[in-house]
Structures are given as structure tokens and as C-alpha cells.
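One structure below.
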Amino acid sequence: RLREHSEKISWPDVLTYITAKTMEIVRRGEPIKKIGMKPEQMKLEYTCYPILEKGQPTTIYGQGGNGKSYLAEYIGCLVQFNVCGVHGWLPTAGNVLYLDWESDYEVHTRRTWAIKKGLGIDTSETFLYRYCSQPLVYDIDQIRRLVSENNIELAIIDSQMAASSHVPGDPAVAIAQFYGALRSLRCTTLTIDHQNKEGELYGSIAKTNRSRSQFELKKAQEPDETFIEVALIHRKHNEGKHLKSIGIKINFIEDNEGHLEEVKFQDCEVVNIHKLSEVASTLKDRIINHLASGATTAEDITESLPGTTINGIRVTLTRLKKSGHITRLDNQRWGLTYNE
């Protein structure tokens, strides 16, 4: 019967109609909504509090080899397995998709297994991984399908520089295309990116403008050490306050043959990381940390803290006194306020 009727149907006309209606729906875009009514809640929602705002793009950038991918995989494990992380990081459980333009499946399998072991997770399950080679904008239809089919809460992009298309002329065009593609995923995204020689995000200022929240990752490590200490410095946030710099110690535990066996993440204070305290800590925190060893004068503090001036120290001491953190003692000395 179908064969009999098919001869009477003008299939070219049908296909033309379907194509036209599909294009019409796509071009129509999203429906309008009313805003200004009282929302269900006023506070921000997070996929991983306080670093990943739910449904928004966050970027972590830094020099190569400073632990960005390890940190991204660690965050992925927190979200996938709903376990708390360093400094009280609190995830919202959800599925994770790791989109990799830089390495391969074997490398990430080893790393993720070692991170899971460090977190005490003994299940064989983990989050989803996809090897990528095309620019994100050319592959976005397939990636969007994967996000939808697997109910992905967090997509990790490693890295933006490798995933971006090459557009001759204005680099802002490629960046606009990249973030447009990210937005179409309708999930939280964590993008890893690189740093230029000036210590800024590699590429156009448009990257800074489009990402909702940005962190710079700096590393300190001595030769032959089996750990690195990093500072996660909050450079931008469109909603909410800027976070204090976050110190993390990453321990790499190997077996007797030198094979990676376990990766453990621990809290540490940025002011105690020798190579990073000056660039990653606030002057307020550096002064409080210095006074923890005993009361002293403004002149001594200035001499002990590189890159400071006596005027800057005195202004900060006055502010700390007003906020109740420190007190003025005899002989021009300053000390921490004693709390029972």
C-alpha cells in the first residue's frame, strides 16, 4: 500500500517543506519570558561551591604543566561522585563529560583512577570522556547530543586554545563562536586555558569578557619533590564576591617502580607557599600571617614582606585594627587580637 501511495506523493516538495519549517524553527530562537517577578530563590546556585556557578562558563588558566588538568579532573570527580573537596568545596551531584583536545584516553584514565583513590572512591565507575580533534564549533552538534543523552551537569573543555577555530583577522570572532557553542550546551562548563608571556589569558580580551568567572592557577615546586603547591587566584566574577586566593597541595604518590598510584589534594594556606605568597596573597593576609609569630613594628613588617611600602603597611594596619583583627601595643608594636 505504501508503495502504491508513494508514487502519488511529491517527495521533493515534502522534503523542501520539512527543511523550510526546520530552518524557521531554528531561526525563531528562544521564546520571550517575563522578568522582574520574585524568584524562587535569590542566592546563586553552584555545581561546585564556591568555584563553579551552575549553568555558567568558568575558566581556569595558567602556564603549561602547573596542574590545570589534574585540578579539572579532581573537580570532575567531586561532582560525579558527590564528595566534598578541599576548603569545603561542595558539589551538586551530576554527570560529567570531559572533552579533551590535548591528551588521550590512557593518560586521563590513569590520572582519574589515582585521583579517585586519593578521594577514597573504590568504585570502577567514572565520568565520561571524549577524544576531540575538530574545533568545538564544528563538532558542537555531536557534543550537544552527548550532553542531552547523558544528562550532563558539567562539561570540561581541555583546552580553549586547542578547541578554538582559526578565523583570519579578528581573533574575537573565534572566541565569540567558542562561547556561543558553549552556551548552546545548556550546562555548567569548566574551560581550561593557557597563559601568555605577560601572565594573562592567551588571546583576545574577549575571553575575559565572555567567561563569567575566571581563576588563574600558579604553581610552586622544587626539584625532586613529589608534590606541588598551587594558588587558585580569583580574577573575575560577574555575580557575587571575589574569593580569597585558594591554596592547594597536590601529592603524587608512586609505587616502588615509579608508577603513579594515588593523587591526594590537601588544603594549604597561600601565605605559607614561599614562592606564591607575595603574588597570590592579600597584604592583609600577609600581615596577619607575619604577626602570628609575634608582635612587631610597621617598619619590621615592611622589611620582612618583599614588595611592600611603609605607607601601604600603615594603611593596612589601621584597617585591620578597625576590623578587630589586630591591636596597637606599646613601643609602636602591633599584635594579633586575642580571642578567648
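Mapping of the sequence shown onto my numbering: position 193 corresponds to residue 1171, and the numbering continues sequentially without gaps. We put the beta carbon where it would ideally sit given N, CA and C, even for glycine.
Take Ile-1093 as the anchor and find which of Gln-1058, Thr-1186, Glu-1080 and Met-1001 has the nearest alpha-carbon.
-> It is Gln-1058 whose Cα lies nearest to the Cα of Ile-1093.
Which residues mark the beginning and the end of the alpha helix (DSSP H) in which Asp-1119 is found?
-> 1114-1127
Cα separation between Ala-1133 and Pro-990?
-> 40 Å
How many Å lie between Phe-1230 and Phe-1205 at the Cα?
-> 6 Å
Per DSSP, what kind of secondary structure is Pro-1284 in: helix, strand or coil?
-> coil
Along the beta strand (DSSP E) that carries Thr-1167, what are the first and last residues, could you check?
-> First-last of the beta strand (DSSP E) with Thr-1167: 1166-1172.
Considering Asn-1267, what are the terminal residues of the alpha helix (DSSP H) in which it resides?
-> 1261-1269
Using a threshold of 8 Å, state whether the C-beta atoms of Trp-1264 and Leu-1283 are closer than that.
-> Note on residue identity: the sequence assigns Arg, not Trp, to residue 1264. Yes, they are a contact pair.
Looking at the structure shown, is His-1215 part of a helix, part of a strand, or coil, going by DSSP?
-> If DSSP states are grouped into helix, strand and coil, His-1215 belongs with the strands.
So, helix, strand or coil for Asp-1100, using DSSP?
-> coil
Given Gly-1096, which residues of its chain have a CB within under 6 Å of its CB, disregarding the five upstream and five downstream residues?
-> Glu-1240, Val-1241 and Lys-1242
CB-CB under 8 Å to Arg-1306, same chain, minus the five flanking residues each way: which ones, in chain order?
-> Closer than 8 Å at Cβ, skipping near neighbours: Lys-1299 and Trp-1312.
Is there contact here, the stretch 1118-1133 with the stretch 1274-1281, by at least three beta-carbon pairs under 8 Å?
-> no
Quick one: grab the DSSP three-state call for Asp-1078.
-> Residue state, collapsed to three classes: strand.
Can you round the beta-carbon distance between Glu-1277 and Ile-1288 to whole angstroms, since I take them to be within the 8 Å contact cut?
-> 7 Å between Cβ atoms; contact.
Is it true that the CB of Leu-1195 sits closer than 8 Å to the CB of Tyr-1029?
-> According to the sequence provided, residue 1029 is Ile. The question's Tyr does not apply to it. The answer is no: Cβ separation not under 8 Å.
Asp-1326 and Tyr-1107: beta carbons closer than 8 Å?
-> There is no way to answer for residue 1326, as the model of the chain reaches only from 979 to 1318.
Rounded straight-line distance, which links the Cα of Ile-1226 to that of Val-1248 | 8 Å
Hey, does Lys-1016 have any beta-carbon neighbour from chain B nearer than 8 Å?
-> The structure shown contains no chain B, having only a single protein chain.
Straight-line CA distance for Val-1074 to Val-1293?
-> 46 Å
Alpha-carbon spacing of Ala-1152 relative to Lys-1032, whole angstroms = 24 Å
Rounded to whole angstroms, what's the CA-CA distance from Gln-1019 to Ala-1140? Just pull it up for me.
-> Between the alpha carbons of Gln-1019 and Ala-1140 lies a gap of roughly 38 Å.
Is it buried or exposed for Ile-1291, if we count other Cβ within 10 angstroms and need 16 for buried?
-> buried
Close beta carbons around His-1215, own chain, < 7 Å, minus the five adjacent residues each side | The beta carbon of His-1215 sits closer than 7 Å to the beta carbons of Ser-1191 from its chain, once the five residues preceding and following it are set aside; these are given in chain order.
Name the DSSP bridge partner or partners of Thr-1329?
-> The structure shown does not extend to residue 1329, since the chain is modelled only from 979 to 1318, so the question has no answer here.
Under 8 Å, do Glu-1217 and Leu-1022 count as touching if we go by C-beta distance?
-> yes
Selected residue, minimal CA-CA separation from Ala-1159, among Gln-1034, Leu-1056, Gly-1063 and Pro-1146 = Gln-1034
Contact set for Asp-1245: own chain, Cβ-Cβ below 8 Å, skip 5 residues either direction | Hits under 8 Å: Val-1064, His-1065, Gly-1225, Ile-1226 and Lys-1227.
Bridge-paired residues (DSSP) for Cys-1026 | Leu-1030 and Pro-1069
Sort Ile-1003, Lys-999 and Arg-1161 by Cα distance to Thr-1036 and report the nearest one.
-> The option with the nearest alpha carbon to Thr-1036 is Arg-1161.
List the whole-angstrom C-beta distance separating Ser-1137 from Ile-1170, where the pair is believed to meet the contact cut-off of C-beta under 8 Å.
-> About 4 Å separates the two Cβ atoms, so the contact holds.
Nearest-angstrom Cα separation, counted from Arg-1188 out to Pro-1113 = 18 Å
For Glu-1232, which residues of its own chain have a beta-carbon under 8 Å away from its beta-carbon, when the five flanking residues on both sides are left out?
-> So the qualifying residues of the chain are Thr-1204, Leu-1238 and Glu-1239.
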